[in-house]
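Chains as they are written, first to last, in the working numbering: chain A, 707 to 926; chain B, 707 to 926.
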DNA sequence: CCAACGCCGGGAAAATTTCACGACGTTGCA
DNA sequence: TGCAACGTCGTGAAATTTTCCCGGCGTTGG
């Protein structure tokens, strides 16, 4: 590994999965994994201390999610290059990730070459989207449907995700380090923007749009 | 790799994740990954042709899922050793997997050592469950896993169904010819009986128990 | 007969949701 | 450059809902 290698921070809550990234990436000359994080908060800390050239970020993680981590890192460093690498083959997530400041979005079903190519693209300053998501985006574009991702700001989207995943307003407030009141306000605003009157409708809408998949809630 | 190595079939729809398993496993002497599959059907075909000593199986995959693949393989070969390795930190999944014939259940959040130990255990004929799932199972055992249909009276169950059907309290009150107040009281009582704190949890519980299926979501 | 339970709702306290509003920083554009 | 628009965070107060406690009714079953 030469001194000119591009340095990479891996973020994923599954250690064996990180092992996979690392194995694929280190076969490439010029790339070097310098740190690994298992949640959003740790990712942010390590970004500050390591200042890597690239962050490869999973989305679904405990505590603050990937979107929020992207947002925070970009808030600190406008030039940060972040490539989202996730299982969610969902245009809404891609839109949110890019809006939050990610420079690429690749699904885990992609072959390793696609990941490597995306890494190179993002390092070179280009935006990288994997073909399946390109297709998803094209479809949703054609359908002209307004999804949750379209009307919600990144922050609202993140709160929605936590509402669907965590339990109480107070817990969410704590993980986001804001007042419970703010979360309640956002919660209300989200329902308003999405045009639903109750939390039950909210969950149903989220399900329809793939924000909450059947597997997310632990099928019996 | 000696002739006496234990042969392994990896099943996961994310190629980079398979790379992770492989990397971890092949550091262990005596283990050899001989095949990889990306869905349940392929796993079954490869099991027949390769007859590996062990299958490491993900659960969430396109087409026939991991549970079904486990069932089919075990149906064909009663002695098949299958270790489920999944992101689902959920006792219900674990129970299903073991019932289907898996000999182990390990979550992807586990450190690599846990996976390796589980592999060795299953190869040695033991059942392997990762500690977090042990804990989940213990909890659900202690809690006595209250089923919705079980603990609710017919009336309460009916109200729950209507609540999930995207109706307001007032509408439900009208269809049932009772006061909105009664519906609100029942709504509260239902949440209490099911041990959930919010409507969002209520919907998630209902989904888990099959009270509300994806197709019921209808249109906006 | 009486105890237990499901069912129905009123009243009041407690909690949440909603609305109006302001502060602050950033973005975008003329 | 300056300024308008927007996102984010939070407060306070009103409106609404949720929750708790209560009693009444009918049915069931010992």
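Glycine is no exception: its CB is placed at the ideal position from the N, C-alpha and C atoms. In this text, all values refer to a predicted model and were calculated from it rather than measured experimentally.
Of all the CB atoms in chain B, is at least one closer than 8 Å to the CB of residue i?
i, result
"residue 811/A", "no"
"residue 909/A", "yes"
"residue 822/A", "no"
"residue 885/A", "no"
"residue 836/A", "no"
"residue 719/A", "yes"
"residue 897/A", "no"
"residue 787/A", "no"
"residue 778/A", "no"
"residue 740/A", "no"
"residue 870/A", "yes"
Quick check on this structure: which residue in the options has the alpha carbon closest to the alpha carbon of residue i?
i, options, result
"residue 905/A", "898/B, 914/B, 895/B, 875/B", "875/B"
"residue 727/A", "764/A, 751/A, 881/A", "764/A"
"residue 828/B", "887/B, 761/B, 882/B", "761/B"
"residue 713/A", "725/A, 749/A, 756/A, 799/A", "756/A"
"residue 836/A", "752/A, 799/A, 811/A, 880/A", "811/A"
"residue 748/A", "881/A, 907/A, 909/A", "881/A"
"residue 751/B", "841/B, 783/B, 735/B, 711/B", "783/B"
"residue 888/B", "724/B, 862/B, 715/B", "862/B"
"residue 650/A", "710/A, 823/A, 723/A", "Past the boundaries of the shown model lies residue 650/A; chain A is included only from 707 to 926, so the question cannot be answered."
"residue 788/A", "795/A, 794/A, 808/A", "808/A"
"residue 832/B", "719/B, 823/B, 781/B", "823/B"
"residue 897/A", "911/A, 884/A, 886/A, 885/A", "911/A"
Mind checking if residue i is an interface residue toward chain A, Cβ cutoff 8 Å exclusive?
i, result
"residue 849/B", "Unreliable placement is indicated for residue 849/B, whose pLDDT of 49 sits below 50; the coordinate value is still reported in the next sentence. By this cut-off, residue 849/B is not an interface position."
"residue 755/B", "no"
"residue 840/B", "no"
"residue 881/B", "no"
"residue 725/B", "yes"
"residue 904/B", "yes"
"residue 793/B", "yes"
"residue 894/B", "no"
"residue 818/B", "yes"
"residue 730/B", "yes"
"residue 784/B", "no"
"residue 888/B", "no"
Please report the residue range of the alpha helix (DSSP H) in which residue i lies.
i, result
"residue 907/B", "905-914"
"residue 876/B", "875-882"
"residue 862/A", "860-871"
"residue 901/A", "It is not in any alpha helix (DSSP H) - residue 901/A carries neither H nor E in the DSSP assignment."
"residue 754/B", "746-756"
"residue 732/B", "Here residue 732/B belongs to no alpha helix (DSSP H), and DSSP marks it neither H nor E."
The beta strand (DSSP E) spanning residue i covers which residue range?
i, result
"residue 742/A", "737-743"
"residue 713/B", "712-717"
CB of residue i to nearest heavy atom of the ligand PLP: below 7 Å?
i, result
"residue 859/A", "Judged by which ligands are present, the structure shown has none, so any question about the ligand PLP falls away."
Pairs of beta-carbons, one from the segment 742-751 of chain A and one from the segment 773-782 of chain A, closer than 8 Å: are there three or more?
yes
Enumerated in chain order, which unbroken segments of the alpha helix (DSSP H) with a length of 4 residues or greater are wholly contained in the segment 764-832 of chain B?
772-782, 797-806, 818-829
May I ask you to verify whether the segment 882-895 of chain A touches the segment 861-871 of chain A, counting CB pairs closer than 8 Å and requiring at least 3?
yes
Decide yes or no for the touch test of the segment 719-737 of chain A against the segment 813-823 of chain A: beta carbon pairs closer than 8 Å, at least 3 of them.
yes
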